[in-house]
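Residue numbers for the sequence shown follow our numbering, so the first one is 848 and each next one is one higher.
These notes concern the structure reproduced below.
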Amino acid sequence: MKPLQTLFITLATAGAVLGASARLASANEHVLVVLDVTGSMDTPSIPGMTRLDVAKARLTAFLSTVPSVTSEYSLWFFEGSTYTPIYTFADHRTRADLTTAISGARTGGATPLAHTICAAVDELVNYLPSELHTKRIELATDGEENNTPAIDQCFGPSSSTAYPTLDVGSWQWKVRNKACTGNATTPGVCGGGVPPGGLTLIVDVAHLFDFVPPFAARATVTPETGRHTRDAFTAIAAPPANADAAFFSGLAQETHGRYTGITPATPPALAAPIAGDANADGCVNIQDRALVLQQYGTPGNGTDFNHDGIVNTFDLQTVLQNFGRGCIP
Ligand SMILES: [Ca+2]
Ligand SMILES: [Ca+2]
Ligand SMILES: [Ca+2]
848 MKPLQTLFIT LATAGAVLGA SARLASANEH VLVVLDVTGS MDTPSIPGMT RLDVAKARLT
908 AFLSTVPSVT SEYSLWFFEG STYTPIYTFA DHRTRADLTT AISGARTGGA TPLAHTICAA
968 VDELVNYLPS ELHTKRIELA TDGEENNTPA IDQCFGPSSS TAYPTLDVGS WQWKVRNKAC
1028 TGNATTPGVC GGGVPPGGLT LIVDVAHLFD FVPPFAARAT VTPETGRHTR DAFTAIAAPP
1088 ANADAAFFSG LAQETHGRYT GITPATPPAL AAPIAGDANA DGCVNIQDRA LVLQQYGTPG
1148 NGTDFNHDGI VNTFDLQTVL QNFGRGCIP
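Here it is as structure tokens:
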């Protein structure tokens, strides 16, 4: 091959690579933060905190972490018969705006969980559908679905068997299908891309629950206002307590998201972490900065706050932006 031809091919290849990476770089992440504010979230979790307190702390930590890609946010609360959009994508709110709104959340009624997750998938898929963006549901919940409307795309009985063997037609089967294929009644491989554009849709779940045997679980289900009868029915008809844990961890894993199960026995620093607190001592200070600098350029050990696989400038910024948080003056 002549040198000039080689140069041309090299330039063409470089151009193609640059073109591809430019497209990737311009793809934002669309994040829909979903907070369960149903009555059962009043249940005590780790010492001194309810499930709602822990959920707020986790979402605050997520929103206080500097992402490695440009991100757009929306925020939903759910309880009663449906979800409430606090901020839509069109509101163009900041991470700080969402954190403030989350801090003011109060608990309400019953749990339309399947309805909310499936509507969240639709919300994400329908926002700028012709552009190539990653979609993420950032969900904090204690599970315990009990109030999805019968006409809903993801309405169904609770599966009699735990994930991954889900009864066809159960709400868990429908939610899993919705997140993986974009259609509640269409099973298919997760990670193949959600139609129409083959979108990457990730589900992260912070799951608050108690480790209890099935019989005790019936007694610990918190009645939620409005639908006590259905709550009681669901509690008795539901498979053992931790079927929710199996389901949500499976859903997160299949969509390449993160699952965190939190019980009252979870160490507080793990249950309710502070963004930037690399050594998990409850305070963001110079020691955390030193750890990030030590591990800079590596996969990190507690220092890759934004989970992009490398300790870099975003993680350092996370420490600096949260400097002093949790520390006793
Ligand atoms: Ca609930
Ligand atoms: Ca620290
Ligand atoms: Ca990182």
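We treat Cβ as the ideally placed atom computed from N, Cα and C, and that holds for glycine.
With the rule of 3 Cβ pairs closer than 8 Å, the region 971 to 981 does not count as touching the region 946 to 957. Assigned with DSSP and collapsed to three states, Asp1135 falls in helix. Contact between Val884 and Gly955 holds, since their C-beta atoms are separated by about 6 Å, short of 8 Å. Put simply, the backbone Cα of Tyr974 is about 9 Å away from that of Ala937. The continuous stretches of beta strand (DSSP E) do not include Ala902, which lies in the alpha helix (DSSP H) extending over residues Arg898 to Leu910.
Setting aside the 5 residues that flank it on each side, Val901 is surrounded in the same chain by Ser892, Ile893, Leu1055, Ile1109, Ala1118 and Ala1119, each with a C-beta closer than 7 Å to its C-beta; the list follows chain order.
Counting only the Cα atoms, Ser1005 lies some 5 Å from Ser1017. When Asn1153, Leu1046 and Asn1159 are compared, the shortest CA-CA separation from Lys1025 is found for Leu1046. The Cβ-Cβ distance between Pro1011 and Gly1144 does not fall below 8 Å. Val1052: member of the beta strand (DSSP E) spanning Leu1048 to Leu1055, first to last residue. The straight-line gap separating the alpha-carbon atoms of Val1139 and Met896 is approximately 29 Å. CA-CA distance, Asn1132 to Thr1028, rounds to 44 Å. Contact residues of ligand 1 (beta-carbon closer than 5 Å to any heavy atom; chain order) are Thr885, Ser887, Thr958 and Glu991.
Comparing alpha carbon positions, the residue from His877, Ala987, Asp1057 and Ser921 closest to Thr890 is Asp1057.
Secondary structure of Glu978 (DSSP, three-state): coil.
Collapsing the DSSP output to three states places Pro1115 in a helix. At the C-beta level, Phe925 and Val881 come within 8 Å of one another.
Ordered along the chain, residues surrounding ligand 3 are Asp1151, Asn1153, Asp1155 and Asp1162 [Cβ under 5 Å from any heavy atom]. Taking non-hydrogen atoms of ligand 2 into account, the C-beta of Val1131 is found less than 7 Å away from one of them. DSSP links Leu922 through a beta bridge to Val880 and Tyr934. With fewer than 16 other CB atoms across the displayed protein chains lying within 10 angstroms of its CB, Gly1171 is exposed.
In this chain, the alpha helix (DSSP H) harbouring Thr963 covers Leu960 to Asn973.
The shortest C-alpha to C-alpha distance from Leu945 to any of Cys1130, Leu879, Pro1146 and Pro996 is the one to Leu879. Burial of Asp1135 is indicated by the presence of at least 16 other C-beta atoms within 10 angstroms of its C-beta. DSSP places Thr988 in the strand class (E or B) of the three-state scheme.
For Tyr1106, the beta-bridge partners assigned by DSSP are Val1052.
By the CB criterion at 8 Å, Leu960 and Thr995 fall inside the cutoff. Residue environment for Gly1156: exposed (fewer than 16 other C-beta atoms within 10 angstroms of its C-beta). According to the DSSP assignment, Phe1095 belongs to the alpha helix (DSSP H) that extends over Ala1090 to Glu1101. Short of 8 Å from the beta carbon of Leu1163, and not among the five residues preceding or following it, lie these beta carbons of its own chain, in chain order: Arg1136, Val1139, Leu1140 and Tyr1143. At least one heavy atom of ligand 2 is found less than 7 Å from the C-beta of Gln1134. With a threshold of 7 Å, the Cβ atom of Ala1137 does not count as near ligand 2, since no heavy atom of the ligand is closer than that.
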